[in-house]
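Engineer:
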Amino acid sequence: MTGKLLTPERSLTPRLPLPGQLDIWLVRRPRLKTAAELLDLSDLSDTERRRTATFVRLADAVTYACAHVALRRLLGAYLGLPPRDVPFVREPCPGCAGPHGRPAVAHPDPPLHFSLAHSHGMAAVAVSHTVTGIDVQRLPRADTVELCTPSLHPQEQAELADLDTEERRTAFGRTWTRKEAYLKALGTGLSRDPAQDYLGSDPRRRPAGWTVLDLHSGPRHHAAVAVLGAPPDRLTLRRLPTSALHPGATVDLDADGTTT
4 MTGKLLTPER SLTPRLPLPG QLDIWLVRRP RLKTAAELLD LSDLSDTERR RTATFVRLAD
64 AVTYACAHVA LRRLLGAYLG LPPRDVPFVR EPCPGCAGPH GRPAVAHPDP PLHFSLAHSH
124 GMAAVAVSHT VTGIDVQRLP RADTVELCTP SLHPQEQAEL ADLDTEERRT AFGRTWTRKE
184 AYLKALGTGL SRDPAQDYLG SDPRRRPAGW TVLDLHSGPR HHAAVAVLGA PPDRLTLRRL
244 PTSALHPGAT VDLDADGTTT
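Quick note, the sequence shown lines up with residues 4 to 263 if you use this note's numbering.
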């Protein structure tokens, strides 16, 4: 499940997602010793480069930079644009209508929706014809589970109550990533009370009108995606190689992956 490199000449043909199509890309952080040589930060905006420089831990800075380089290169491939020219905008906030809602690209036709998440060396990008949200989280520590469980929906808390410590960590991690994916798709993030919506283990009780799916993301992370409407007709999960983040590289949207 890897993305193949393309020549620049082939990278500028638009490939906007079709109805029912959901593409998921997973990106692992490169080794820190070689990250400075491998990453091409020229694709990032000035704001993104300044944000990269604010992280105290090198690992966090590299994870952020990898995630945003990958996002720009992927969206550039879908839109047929150079990565630095991807026209990012903010949709209106669903709470106050201010210009700080869900990140989007400016008015593609047909539609393209995306979502980005990154955590502890892993990034995930979702690209779809319809509204989507994605989240990825490292397997939580037991103390994190104990601290955050009271903020969950009452039915989610009840599901966790009878589990042993390790089972609770796994169940909490899956529930929390579903919840964050859904709240990102809504455009509210955690400004909406996490206890308001049920995103536990029973899909029949999750928010009506949405599809929320767990994703395979390796042994140390949980990931989930939320899509407005019915389940996608075609979901493809791919891993983007770190070589696709090198200077001058692009990605192959037809690279092999796991399709369901």
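Backbone N, C-alpha and C define an ideal beta-carbon position, used for all residues, glycine too.
So if DSSP puts residue 141 in a beta bridge, which residue, or which two residues, is it bridged to?
Structural biologist: Looking at the DSSP assignment, residue 141 forms a beta bridge with 224.
Engineer: From the DSSP output, in three-state form, read off residue 71 for me.
Structural biologist: Helix at residue 71.
Engineer: Would residue 343 pass as a contact of residue 146 if the rule is Cβ separation under 8 Å?
Structural biologist: This structure gives no information on residue 343, because the portion of the chain shown stretches from 4 to 263.
Engineer: Where residue 249 and residue 40 are concerned, what is the direct C-alpha to C-alpha distance, given to the nearest angstrom?
Structural biologist: C-alpha separation (whole angstroms): 8 Å.
Engineer: If we ignore side chains and look at the alpha-carbon of each, how far apart do residue 74 and residue 119 end up?
Structural biologist: Taking the straight line joining both Cα atoms gives about 7 Å.
Engineer: Out of 192, 256, 161, 88, which one is the CA nearest neighbour of residue 108?
Structural biologist: Nearest option by C-alpha distance: 88.
Engineer: Looking only at its chain, what residues have a beta carbon closer than 7 Å to the beta carbon of residue 152, apart from the 5 residues adjacent to it on each side?
Structural biologist: Within the same chain, residue 152 has close Cβ partners 160, 163, 175.
Engineer: What number of angstroms, rounded off, separates the C-alpha of residue 133 from the C-alpha of residue 262?
Structural biologist: Taking the straight line joining both Cα atoms gives about 18 Å.
Engineer: For residue 255 and residue 218, what's the separation of their Cα atoms in angstroms?
Structural biologist: Answer to the nearest angstrom: the Cα atoms are 21 Å apart.
Engineer: Could you give the DSSP three-state label for residue 106: helix, strand or coil?
Structural biologist: DSSP places residue 106 in strand when its eight states are reduced to three.
Engineer: Rounded to a whole number of angstroms, what is the C-alpha to C-alpha distance between residue 245 and residue 31?
Structural biologist: Each residue's Cα considered, the two are about 7 Å apart.
Engineer: Pull the bridge partners of residue 28 from the DSSP assignment, please.
Structural biologist: DSSP, once it has assigned bridges, lists 128, 241 as partnering residue 28.
Engineer: Candidates 221, 111, 205, 45: which alpha carbon is nearest residue 29's?
Structural biologist: The shortest C-alpha separation from residue 29 is found at 221.
Engineer: Buried or exposed: where does residue 69 fall if 16 or more other Cβ atoms within 10 Å of its Cβ makes it buried?
Structural biologist: Buried: at least 16 other Cβ atoms inside 10 Å.
Engineer: What three-state label does DSSP hand residue 209 in the structure shown?
Structural biologist: Three-state result, residue 209: coil.
Engineer: Three or more C-beta pairs under 8 Å: does that hold for the segment 235-243 against the segment 197-209?
Structural biologist: With the cut-off at 8 Å, the segment 235-243 and the segment 197-209 do not touch.
Engineer: Just curious, the alpha helix (DSSP H) that residue 18 is in, first and last residue?
Structural biologist: No alpha helix (DSSP H) contains residue 18, which DSSP labels as neither H nor E.
Engineer: Please report how far the alpha carbon of residue 72 lies from the alpha carbon of residue 165, in whole angstroms.
Structural biologist: Residue 72 and residue 165: Cα-Cα distance of roughly 42 Å.
Engineer: What are the boundary residues of the beta strand (DSSP E) that includes residue 119?
Structural biologist: That run of the beta strand (DSSP E) goes 116-122.
Engineer: Which residue's Cα is closest to the Cα of residue 196: 229, 205, 156?
Structural biologist: The residue with the shortest Cα to Cα distance from residue 196 is 156.
Engineer: Would you mind sorting residue 247 into buried or exposed? The rule is 16 or more other CB atoms within 10 Å of its CB.
Structural biologist: So residue 247 counts as buried.
Engineer: Under 7 Å Cβ to Cβ from residue 113, same chain only, skipping five residues before and after it: list those, please.
Structural biologist: Within the same chain, residue 113 has close Cβ partners 19, 132.
Engineer: Taking only the alpha-carbon atoms, compute the straight-line gap between residue 116 and residue 227 and give it to the nearest angstrom.
Structural biologist: So the two alpha carbons sit approximately 16 Å from each other.
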